[in-house]
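Residue numbers (the working numbering): 2 to 288.
Heads up, the beta-carbon is just placed ideally off N, CA and C, and yes, glycines get one too.
If you're wondering where the values come from, they're calculated on a predicted model, not measured in any experiment.
Here is the structure we will look at.
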């Protein structure tokens with residue numbers, strides 16, 4: 002059996018992942034326990050799934066093969082994961098990987114140095130159309146990319162980091178399809194809806210954050226036409242858990258370490274642009 006813990010279990014991912022395990026799709030997984038700084042979240046999962054409530058988030062150090070960090074506030078992700086890094090436990094880190102740019106580099110350097118296999122971020126990168134557009138863009142299907150539009154929900158005011166809480170979904174849709182390193186961004190907040198121009202070499206992508214809708218939309222524009230549609234996110238939760246499960250059972254890490262933290266730098270640049278009203282460069286970093 003592969004023993005895992007879920008830390009910061011107030012996020013709906015915790016319920017979803019525990020449902021997957023309960024349904025028997027992952028028979029090799031044993032959940033040692035759950036922990037949250039919000040005690041009621043752990044009690045809810047205990048009542049629903051019978052999982053043990055951990056007294057501290059360090060309780061399973063030395064015992065866990067895998068660590069699932071699903072805290073709603075990105076500032077808690079490094080805190081929860083850190084004690085398990087040197088143990089080499091496979092990790093899933095939910096979005097945002099973290100909030101602070103310097104902490105993101107520190108976090109990923111420690112993971113890489115310890116050989117920790119890690120996945121996570123936004124599940125929206127697994128949307129089928131995002132993956133199709135990624136391939137089309139890379140292969141110039143229909144001609145070179147002229148632009149595109151991505152739409153996703155956002156909550157600008159909340160107790161979990163405000164803009165940082167939900168913004169990675171759109172960012173990772175854009176980055177997965179068109180590249181994780183846009184040169185700069187320009188953001189404009191109009192009545193709680195935020196338009197972002199992601200500037201790449203030779204083309205721009207428009208992102209639209211909508212504060213009162215759960216709709217996701219993905220598109221790519223070329224000289225020959227437009228490929229785009231409303232996107233279904235629900236199948237993506239299974240895909241992201243499959244990636245974690247694959248590593249837990251011996252597969253190699255699928256994603257580059259640097260790509261895992263790239264959205265942190267894009268989100269910070271968007272946040273700076275909303276505050277400054279000017280175009281903001283996406284900071285570069287080395288790991």
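Cβ neighbours of residue i in the same chain (closer than 6 Å, five flanking residues each side left out)
i	result
residue 272	164
residue 189	196
residue 74	161 and 162
residue 96	122, 123 and 169
residue 39	11
residue 224	144
residue 257	none
residue 215	154
residue 240	127
residue 159	166
With 16 other Cβ atoms within 10 Å as the buried cut-off, status of residue i
i	result
residue 118	buried
residue 2	exposed
residue 264	buried
residue 121	buried
residue 123	buried
residue 77	buried
residue 183	buried
residue 46	buried
residue 31	exposed
residue 87	exposed
residue 274	buried
residue 276	exposed
residue 191	exposed
residue 251	exposed
residue 37	buried
residue 281	buried
residue 145	exposed
residue 41	exposed
residue 244	buried
residue 136	exposed
residue 26	exposed
residue 67	buried
Own chain, CB closer than 7 Å to residue i, minus 5 neighbours either side, in chain order
i	result
residue 248	91, 118, 120 and 254
residue 157	163, 164, 193 and 212
residue 201	179, 180, 183 and 184
residue 15	7, 35, 46 and 71
residue 259	288
Residues near residue i in its chain [Cβ-Cβ closer than 8 Å; skip 5 each side]
i	result
residue 102	265, 266, 269, 284 and 286
residue 133	228
residue 23	50
CB contact flag (residue i, residue j, <8 Å)
i	j	result
residue 94	residue 105	no
residue 5	residue 65	yes
residue 21	residue 69	no
residue 85	residue 108	no
residue 98	residue 147	no
residue 89	residue 116	yes
Contact test: residue i Cβ vs the ligand GDP heavy atom, cutoff 7 Å
i	result
residue 6	Looking for the ligand GDP in the displayed structure turns up nothing, as the structure carries no ligands at all.
Determine, using beta-carbon pairs with one atom in the region 169-180 and one in the region 124-143, whether at least three such pairs fall under 8 Å.
yes
Does the region 212-219 come close enough to the region 227-237 to have 3 or more Cβ pairs within less than 8 Å?
yes
Whole beta strand (DSSP E) runs in the region 213-265 with 3 or more residues, listed along the chain?
217-223 and 226-232
Taking 8 Å as the cut-off, does the region 54-66 touch the region 207-214 (at least 3 CB pairs, one atom from each stretch)?
no
With a floor of 3 residues, list each beta strand (DSSP E) that falls wholly inside the region 74-117, ordered by position along the chain.
91-95
Which runs of the beta strand (DSSP E) at least 3 residues long sit entirely within the region 173-206? Give them in chain order.
185-191 and 194-201
Only counting runs of 4 or more residues, tell me where the alpha helix (DSSP H) segments fall wholly within the region 108-166, in order along the chain.
129-139
Any chance you could list the beta strand (DSSP E) runs of at least 3 consecutive residues sitting entirely within the region 6-60, in chain order?
30-36
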